[in-house]
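*Asks:* Residue numbers (our numbering): 1 to 125.
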C-alpha cells in the first residue's frame with residue numbers, strides 16, 4: 001500500500017525541481033568548503049546510480065501497456081511500432097549518457113574527497 005497520495009510521475013517532477021533549486025542555491029550561496037561539494041556530489045552520484053533502473057522500469061511499463069493492447073498512436077504519420085522503436089532507441093541513448101554521467105560523477109566524487117580546505121593566512125601586522 002502506498003502511504004502518500006502522490007502520483008508516480010510527481011516524483012520525477014519533484015526530482016527535477018530539486019535539481020533546479022540546488023542550482024539556484026549554488027548561485028545564491030557559493031560553496032565555502034570542499035566538504036560541501038563532496039556532499040553534493042554524493043547526492044548527485046546517488047541520483048545518477050538510480051537512473052538506469054528507472055529507465056528499465058519505464059520501458060517495462062510501456063511493454064506491459066503494449067502487451068495489454070492499451071497503446072495506440074495519435075496517427076500523425078508513424079505507426080505504433082515505429083514510435084515504440086523510437087522510444088526504445090531514446091532510452092538506449094539515455095542509458096549510454098547516464099553511464100557517462102555516472103563515471104564522471106564517480107571520478108569527481110572520489111577526487112574531491114581528497115581535497116581539503118586551506119585556511120586563509122592570518123594578516124601579518
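Glycine included, every Cβ here is placed at the ideal spot set by N, Cα and C.
Applying the 10 Å Cβ sphere with the 16-neighbour rule, what's the burial state of residue 57?
*Replies:* exposed
*Asks:* Does the distance from the C-beta atom of residue 112 to that of residue 15 stay below 7 Å?
*Replies:* The answer is no: Cβ separation not under 7 Å.
*Asks:* Would you mind giving the Cβ-Cβ distance between residue 109 and residue 41, rounded to the nearest angstrom? I have them listed as a contact below 8 Å.
*Replies:* 4 Å
*Asks:* Can at least three beta-carbon pairs, one atom from the region 4 to 18 and one from the region 77 to 88, be found at a separation below 8 Å?
*Replies:* no
*Asks:* If we count Cβ pairs, one from each stretch, closer than 8 Å, do we get three or more for the region 58 to 66 versus the region 99 to 109?
*Replies:* no
*Asks:* Name the two residues that bound the continuous alpha helix (DSSP H) containing residue 64.
*Replies:* Per DSSP, the unbroken alpha helix (DSSP H) holding residue 64 starts and ends at 34 to 67.
*Asks:* Take residue 107 as the anchor and find which of 45, 10 and 13 has the nearest alpha-carbon.
*Replies:* 45
*Asks:* So, under 8 Å CB-CB, residue 94 and residue 55 are touching, yes? Tell me the CB distance rounded to an integer number of Å.
*Replies:* Their Cβ separation, rounded to whole angstroms, is 6 Å, which keeps residue 94 and residue 55 in contact under 8 Å.
*Asks:* Excluding the 5 residues preceding and the 5 following residue 52 in the sequence, name in chain order all residues of the same chain whose CB lies nearer than 7 Å to its CB.
*Replies:* 95 and 98
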